[in-house]
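Numbering (our numbering), first residue to last: 57 to 261.
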């Protein structure tokens, strides 16, 4: 179910030991053990209902597993799940941003909680995504493809030590997929990157 790549000494390390989860007494996936070194990449592939999104939520600290343990560390410092709120990013097609805020306001809002990789990182990615003319548009007024680009830009422009992308190419057209693939290449080795995919080649790291 998982494939891990080589790593460098950057980002947040994740260690899963015999992790599993259940919904209404039904096992979502069999116990998983996985060690991700800081700065590594991991691809979680599976069909709909296979539990890849659930595993992504566990890896990001949003969900406590039913069994097993998960630990995060940054260098010699072990992190609690609560601390990941300001050190990690996870997006999915279901991720909801504040509908009334404009793109410009969303950038300012997120910047209060998680630093950007550079002062203009978010604006630069928004521009490369072809959305610079939409900076003053409310998020709710954007198309689903534009909304997905905004979510990806905010995640990939951040200084997060752990980024989980669940079906990152959902709702993207061909130009959006090309932009995503170029953008995700730029962050490789600078953060721990996890991609959950329904086996679509465009999503792959």
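Just so it is clear, CB atoms sit at the ideal spot from N, CA and C, and this is done for glycine as well. What you are looking at is a predicted structure, and each value in this text was computed from that prediction instead of being measured.
Non-local beta-carbon contacts of residue 178 in its own chain, meaning distances under 7 angstroms to residues more than five positions away in sequence, involve 163, 172, 209, 210, 213 in chain order. The straight-line gap separating the alpha-carbon atoms of residue 120 and residue 203 is approximately 28 angstroms. Within a 10 Å sphere around the beta-carbon of residue 95 sit 16 or more other beta-carbons, which makes this residue buried. Going by beta carbons, residue 102 and residue 108 fall inside the 8 angstroms limit. Annotation: the continuous beta strand (DSSP E) that includes residue 218 extends over 218-222. Inclusion of residue 217 and residue 67 in the CB contact set at 8 angstroms is warranted, their separation being smaller than that value. In this structure, the straight-line span from the alpha carbon of residue 221 to that of residue 134 is close to 23 angstroms. The beta carbon of residue 199 lies closer than 7 angstroms to none in the same chain, with the five residues before and after it left out. Taking 3 residues as the minimum length, the stretch 187-211 contains no beta strand (DSSP E) run wholly inside it.
Per the C-alpha coordinates, the member of 106, 75, 227, 154 positioned closest to residue 84 is 106.
Per DSSP, residue 109 is one residue of the alpha helix (DSSP H) stretching across 108-115. In this structure, the alpha-carbon of residue 242 lies about 12 angstroms from that of residue 249.
Sequence-distant partners of residue 91 (beyond 5 residues in either direction) whose C-beta falls short of 6 angstroms from its own C-beta, in its chain, are 71.
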